[in-house]
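**Student:** Just dropping this structure here.
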Amino acid sequence: MTFDIDMIKKVYERYPSRIEAARQAVGKPLTLSEKILYTHLWQGNATQPHERGNSYVDFAPDRVAMQDATAQMALLQFMQAGKTKVAVPSTAHADHLIQAKVGAEKDLQESINKNSEVFNFLSSVCEKYGIGFWKPGAGIIHQVVLENYAFPGGMMIGTDSHTVNAGGLGMVAIGVGGADAVDVMAGMAWELKMPKLIGIKLTGKLNGWTSAKDVILKVAGILTVKGGTGCIVEYFGEGAQSLSATGKGTICNMGAEIGATTSTFGYDDAMRRYLSATGRQDVVEAADKIAEHLTADPEVYANPELYFDQVIEINLSELAPHLNGPFTPDLATPVSEFRAKAEANGWPLDVEWALIGSCTNSSYEDLSRAASIVEDAVAKGVKPKAILGINPGSEQVKYTAERDGFMDSFRKFDNTRIFTNACGPCIGQWDREGAEKGEKNSIIHSFNRNFAKRADGNPNTHAFVASPEMVAAIAISGRLDFNPITDSLTNASGEQVKLNEPTGSELPERGFDVGDNGYQAPSEDGSAVQVIVNPDSDRLQLLEPFQPWDGKNIERAKVLIKAYGKCTTDHISMAGPWLKYRGHLDNISNNMLIGAVNAYNMETNHVKNQLTGEYGEVPNVQRAYKAAGIPSIVVGDENYGEGSSREHAAMEPRHLGVSAVLVKSFARIHETNLKKQGMLGLTFENKDDYDKIQEDDTVNFLDLDQFAVGKPLTLEFVHADGSRDIVVTNHTYNDQQIGWFKAGSALNLIKQMGN
Ligand code: MIC
Ligand code: SF4
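Residue numbers 11 to 765, in my numbering, belong to the letters of the sequence shown in order.
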C-alpha cells in the first residue's frame, strides 16, 4: 500500500481547479514548475501572478523529510514549538551516522552501538509526534523517498540539500534548513522567493558509456556551482522521456551542486513504470486522471524561450562520459580530454579507491550497469587495480540486487567492499586506512560532492565524480585517464582486451523485493511517549532560545575572519567526525569555520584574536569575544554557504555571538538559515569593498536601527591607523524575516504566536 495515498489523492483532486486559477492569474501557458508551485499556494487558489526572482510566496508543501544528521536539530526545535503532532506527513531517516570501514554487517552494528543515544532520541521523537522513522540500514533518505513517498506534481521540503532528488518523479522537492521544516511540521506556511526558471531541452538518446549522470555533469560544467541559484531547472524533450525515473533522479539530485532550488521532469511512462515497480499502481491511476497537469502546457515545450528565463539544449546522442573535479563538482572534463588536463594540472592519475553509491547513484539500474562492467572484466580475465566500495541506496535495492546476482558480481573482485545502505564515504563516514598520512592521491566516485576533505578527511585527496559505470571501469584500470571507449587493458594472460559497453536493467524483471525494509510507524497517539535528553549528554542538548535584538546599532564589532575563496558549509561546519555532535549545539560549535581559509594569512583555523593580538583557532577566538561581550562579524567571498542544508552552519555563529555575515554572494539555503536563526546576512553593494576590510578593523553599523525592507545597511570599518571606510551592504529580508531578526529567531516568533 502506498504511504499517505489519501493525501496524494486530495492533492490531485484540487489540481484542476487550482491550475485553472493559476492560468487566469498568470495569463499564459504554464511550465510544469509553475503548475506545481501555483497548486501549492498557502492561500489556495492563485489570485495574482508572482514575479519570478522577486516576490516572496507562501507555500503549503505536502510532506517533509529529514535525515538523522539534520533531524536532530530540526526536531529539537520542533519540540519547542509546542505542538502535539506534525501537521503534514513527515519522515526521518537514519543514514548519515553510519560509518564505512570493513563492510555492511559489522559497520552497521558498530554504528548502532556508537549512536544509540541519538537513534533512540530520533525514534522516540518520531513516535511521539507522528513521524515515520526509517531505521539505520534502511537506506539513504533520497532513495527511500523516491521509492516510497515521491509523487508526480507533489511538493515537499527536506532537511537535506539533495531532497531535490525527488524531481526524478516529477515533484518540486526542495532542500531547507531544519527551522523551515519546523514551520511546515507546525502547520504554518513555508516561504520561498518565487524561483526563476531554467529550461533544459534534452534531445537524442543516451548510448554506449554515457549515462544520466553525464547529463548533470555536463550541466554543472555549463552553469557552474552558482548558475542555478534561485532557479528551478525543468528538463523536457524526447531525451528527457527516454531516461529512467532513477536516472532523472540522478540529474535532479545534482542540481544541488549548481545551486538550483530544485529540478524536475514532467510525468511520463518512465515514472509510471517506476511507480508501478515500487508498488504504487494506485498513484499511477490517480496521476493518469490529471496527467495533462503533471507536465507543462504544450506551447511551453514548443517555444521554451518564451516561457523560461534561460534555455539550454543538450543532445544526449552526442554527450560523452565526464569526470568532474577535483575539489568542485563543476569542473567538467569529457573523458577524451581528461589525460591532457590531468597532466597539465598535476592531478594524480593512479586510483586506489573507486566508490559507487550515495543518494545520487545507488539505484537498481546503477548497480546493474556497474555490475555488467565487472562481469565483463571477470570474463575477460582482467583483475581490478583499485578497491571497489559499494553503498546500495536502500535495503530494497540491496535485497533485490542480491537476489538478482549483482552483488555477487561485485564480489567476484577480491577487493570489493559492500558497505551499509547509507551515506558512508559520501559524508566522510569513511575510516579509510592511511588517510591520516595526508598523501596526495586521487579517488573516483559516483557521489555528488567532492569538496576538499569531504570523503576521507585528507585535504590532498583529489576526488572526481563520474557515473557508476565509469567508476567501475576506472576501478578496474586503476587509472583516472582510462578511456573505456578507446583504451585496452591487459588481462591475466597478457592479452589486450577492451571492456564492453555497460548493459543493465532499468527495473528488476522479477519486481522489487525486500525482507525487512527498516520502517517504523509512529504511534497513533504519542502523548505518552517520553523523549529523554540526558543533561550530561555530549551528543544531545536541549535548545535555549536566542536573545531578541535590543533595537540598537551593533557597535565596535570585530572581524572574526575574512574567508578567502570557496567557503562551503563543509568549511563552516565540517561533517565527518563532527556529525556526532549534530544534536549538541555547544559542542558542534567547536568546529565553526575551522575549514575556512583566513584571507589574511591563507591558513585555516588560525585567526587573530583582536583582544590579545595572538592567533588562535576560530571557535576559541570567537568564544573569547563572546565572553568579553564583544560582537563580531564574518566576511566571505562568492556563493558563501554553498552545499549542504545544515543549519548548524548558521546556528553555530549565532550561538557563539557572531552578529552578521557579510559576503559577496550567498547560497540560497544558507542565507535563509541565517535569517531563520536571527542573524544578519548581508552582501556587498560593491564587491570590491571585500578588499577594503582589514584584519584589525572595528565595525560599526550606522543604520541598523532603521532596518527595513529594501533599504541597504551602512557599515563603517575603522582601520588600525584610524582611517575609515564606509561599506554599503544589501539584504533580502522581507517584513516577516525582519520580524525573525527582531525576535531573535523564527522559532521565537512561532512560540510567541502559539502562546
Ligand atoms: C551533504 O550531502 O552535505 C549532507 C550531509 O547530506 C547535507 C546535510 C547535512 O549536512 O546533514 C546536505 O546536503 O544538506
Ligand atoms: Fe548522504 Fe551524500 Fe546524499 Fe548527502 S549527498 S544525503 S551525505 S549520500
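Note that CB positions come from ideal geometry on N, CA and C, so glycine has one too.
Is it buried or exposed for valine 719, if we count other Cβ within 10 angstroms and need 16 for buried?
**Tutor:** Taking the first residue of the sequence shown as 1, we reach residue 719 at position 709. Burial call: exposed.
**Student:** Which residues share a DSSP beta bridge with aspartate 1?
**Tutor:** Nothing about residue 1 can be reported from this structure: the residues present for the chain run from 11 to 765 only.
**Student:** Helix or strand or just coil, what does DSSP make of aspartate 88?
**Tutor:** For the purposes of this step, residue 88 is taken as residue 78 along the sequence shown, with counting starting at 1. Correcting the residue type first, residue 88 is phenylalanine in the shown sequence and not aspartate. In this structure, phenylalanine 88 counts as helix in the three-state DSSP scheme.
**Student:** Which residues bound the beta strand (DSSP E) around isoleucine 324?
**Tutor:** Here residue 324 refers to the residue found at position 314 of the sequence shown. First-last of the beta strand (DSSP E) with isoleucine 324: 320-325.
**Student:** Consult DSSP for valine 569 and reduce its assignment to one of helix, strand or coil.
**Tutor:** Along the sequence shown, one-based indexing puts residue 569 at 559. Strand, per DSSP.
**Student:** Rounded to the nearest angstrom, what separates alanine 670 and glutamine 551 at their Cα positions?
**Tutor:** Indexing the sequence shown from 1 puts residue 670 at position 660. Indexing the sequence shown from 1 puts residue 551 at position 541. Taking the straight line joining both Cα atoms gives about 25 angstroms.
**Student:** Would you tell me roughly how many angstroms separate the C-alpha atoms of lysine 93 and alanine 84, rounded to the nearest one?
**Tutor:** For the purposes of this step, residue 93 is identified with residue 83 of the sequence shown, where counting begins at 1. For the purposes of this step, residue 84 is identified with residue 74 of the sequence shown, where counting begins at 1. Taking the straight line joining both Cα atoms gives about 14 angstroms.
**Student:** From valine 475 to alanine 585, what distance separates their C-alpha atoms?
**Tutor:** To locate residue 475, count along the sequence shown from 1; it is residue 465. To locate residue 585, count along the sequence shown from 1; it is residue 575. Whole-angstrom Cα-Cα distance: 19 angstroms.
**Student:** Out of curiosity, what's the CA-to-CA distance linking serine 642 and glycine 667?
**Tutor:** Taking the sequence shown and counting its residues from 1, one reaches residue 642 at position 632. Taking the sequence shown and counting its residues from 1, one reaches residue 667 at position 657. One C-alpha to the other measures close to 7 angstroms.
**Student:** Would you call proline 469 buried or exposed, if buried means 16 or more other Cβ atoms sit within 10 Å of its Cβ?
**Tutor:** The residue labelled residue 469 in the question sits at position 459 within the sequence shown. Classification for proline 469: exposed.
**Student:** Going by DSSP, what residue range makes up the alpha helix (DSSP H) through tryptophan 750?
**Tutor:** For the purposes of this step, residue 750 is identified with residue 740 of the sequence shown, where counting begins at 1. Unbroken alpha helix (DSSP H) run through tryptophan 750: 745-753.
**Student:** Whose C-alpha, out of Asn600, Asn597, Ser599, His616, is nearest the C-alpha of alanine 606?
**Tutor:** On the sequence shown, position 596 is the one that residue 606 refers to. Of Asn600, Asn597, Ser599, His616, the residue nearest in Cα terms is His616.
**Student:** Give me whichever residues DSSP pairs with glutamine 530 in a beta bridge.
**Tutor:** Within the sequence shown, numbered from 1, the residue matching residue 530 stands at position 520. BP columns for glutamine 530 point to Phe143.
**Student:** Could you tell me whether the Cβ atoms of arginine 413 and aspartate 526 are closer together than 8 angstroms?
**Tutor:** Taking the first residue of the sequence shown as 1, we reach residue 413 at position 403. Taking the first residue of the sequence shown as 1, we reach residue 526 at position 516. Cβ atoms of arginine 413 and aspartate 526: not closer than 8 angstroms.
**Student:** List, from N- to C-terminal side, the alpha helix (DSSP H) runs of 4 residues or more that fit wholly inside the region 174-256.
**Tutor:** Runs of the alpha helix (DSSP H) inside the region 174-256: 188-195, 222-233, 248-251.
**Student:** Can you give me the start and stop residues for the beta strand (DSSP E) that phenylalanine 420 sits inside?
**Tutor:** Looking up residue 420 in the sequence shown gives position 410. Phenylalanine 420 -> not in any beta strand (DSSP E); alpha helix (DSSP H) instead, spanning 416-421.
**Student:** How far does the beta strand (DSSP E) with threonine 739 in it extend, from its first residue to its last?
**Tutor:** Position 729 of the sequence shown, counting from 1, holds the residue named residue 739. From DSSP, the beta strand (DSSP E) with threonine 739 extends over 734-740.
**Student:** At a cut-off of 7 angstroms, is glutamine 557 close to the ligand SF4 when judged by its beta-carbon and the heavy atoms of the ligand?
**Tutor:** For the purposes of this step, residue 557 is taken as the residue at position 547 of the sequence shown. Glutamine 557: no, Cβ never under 7 angstroms from the ligand SF4.
**Student:** Just to check my reading of the structure: phenylalanine 429 and glycine 399 have Cβ atoms closer than 8 angstroms, yes? What is that Cβ distance to the nearest angstrom?
**Tutor:** Translated into positions along the sequence shown, residue 429 becomes position 419. Translated into positions along the sequence shown, residue 399 becomes position 389. Confirmed, about 6 angstroms.
**Student:** Could you check whether leucine 589 and leucine 553 sit closer than 8 angstroms to each other, using their CB atoms as the reference points?
**Tutor:** Against the sequence shown, residue 553 aligns to sequence position 543. Against the sequence shown, residue 589 aligns to sequence position 579. No, these two residues do not count as a Cβ contact at 8 angstroms.
**Student:** Between isoleucine 400 and the ligand SF4, is the CB less than 7 angstroms from at least one heavy atom?
**Tutor:** Within the sequence shown, residue 400 is the residue found at index 390, counting from 1. Answer for isoleucine 400: no, Cβ out of range of the ligand SF4.
**Student:** Quick one: is threonine 622 buried, meaning 16 or more other Cβ sit within 10 Å of its Cβ, or exposed?
**Tutor:** Residue numbering aside, residue 622 sits at position 612 when the sequence shown is read from its first letter. Exposed.
**Student:** Which residue wins for smallest C-alpha separation from alanine 32, given the options Gly54, Thr12, Leu253?
**Tutor:** Along the sequence shown, one-based indexing puts residue 32 at 22. Per the Cα distances, Gly54.
**Student:** Thinking C-alpha only, which one of Ser372, Thr274, Leu359 is nearest glutamate 157?
**Tutor:** Taking the first residue of the sequence shown as 1, we reach residue 157 at position 147. Closest by alpha carbon: Ser372.
**Student:** Suppose you measure from the CA of tyrosine 311 to the CA of leucine 326; what does that come to, to the nearest Å?
**Tutor:** As a working mapping, residue 311 is identified with position 301 in the sequence shown. As a working mapping, residue 326 is identified with position 316 in the sequence shown. Near 17 angstroms, if we compare the C-alpha coordinates of leucine 326 and tyrosine 311.
**Student:** Can you pull the DSSP bridge partners for asparagine 608?
**Tutor:** By one-based count along the sequence shown, residue 608 stands at place 598. Answer is Ala573, Glu613.
**Student:** CA-CA distance, alanine 160 and phenylalanine 13?
**Tutor:** Stepping through the sequence shown from its first residue, residue 160 is reached at position 150. Stepping through the sequence shown from its first residue, residue 13 is reached at position 3. Roughly 10 angstroms separates the two Cα atoms.
**Student:** Per the DSSP calculation, asparagine 6 is bridged to which residue(s)?
**Tutor:** Residue 6 lies beyond the residue range present for the chain, which begins at 11 and ends at 765; the question has no answer from this structure.
**Student:** Can the beta-carbon of glutamate 309 be found closer than 8 angstroms to that of leucine 42?
**Tutor:** Taking the first residue of the sequence shown as position 1, residue 309 is located at position 299. Taking the first residue of the sequence shown as position 1, residue 42 is located at position 32. The answer is no: Cβ separation not under 8 angstroms.
**Student:** Taking the beta strand (DSSP E) that glutamate 726 falls in, what are its first and last residues?
**Tutor:** Counted from its first residue, the sequence shown places residue 726 at position 716. Where glutamate 726 is concerned, the enclosing beta strand (DSSP E) stretches over 723-728.
**Student:** Quick one, which of Thr220, Lys228, Leu212, Ser452 has its alpha-carbon nearest glutamate 248's?
**Tutor:** Counted from its first residue, the sequence shown places residue 248 at position 238. Checking every option, the nearest Cα to that of glutamate 248 belongs to Leu212.
**Student:** Pull every residue with its beta-carbon under 7 angstroms away from any heavy atom of the ligand SF4, and keep them in chain order.
**Tutor:** Going by the Cβ distance cut-off, the answer is Gln77, Asp105, His106, Ile150, Ile151, His152, Asp170, His172, Ser368, Cys369, Thr370, Cys433, Cys436, Ile437, Phe457, Asn458, Arg459.
**Student:** Measuring only the C-alpha atoms, how far is isoleucine 242 from isoleucine 322?
**Tutor:** What you label residue 242 is simply residue 232 of the sequence shown in a count that begins at 1. What you label residue 322 is simply residue 312 of the sequence shown in a count that begins at 1. So the alpha carbons of these two residues sit roughly 13 angstroms apart.
**Student:** How many Å lie between asparagine 597 and aspartate 560 at the Cα?
**Tutor:** Here residue 597 is taken as the residue at index 587 of the sequence shown, counted from 1. Here residue 560 is taken as the residue at index 550 of the sequence shown, counted from 1. Roughly 27 angstroms between the two C-alpha positions.
**Student:** Just curious, the beta strand (DSSP E) that histidine 103 is in, first and last residue?
**Tutor:** As a working note, residue 103 is residue 93 in the sequence shown. That run of the beta strand (DSSP E) goes 100-103.
**Student:** On the criterion of 16 or more Cβ atoms from any shown chain inside 10 Å, does arginine 282 qualify as buried, or is it exposed?
**Tutor:** As a position in the sequence shown, residue 282 is number 272, starting the count at 1. Its Cβ being crowded by 16 or more others within 10 Å, arginine 282 is buried.
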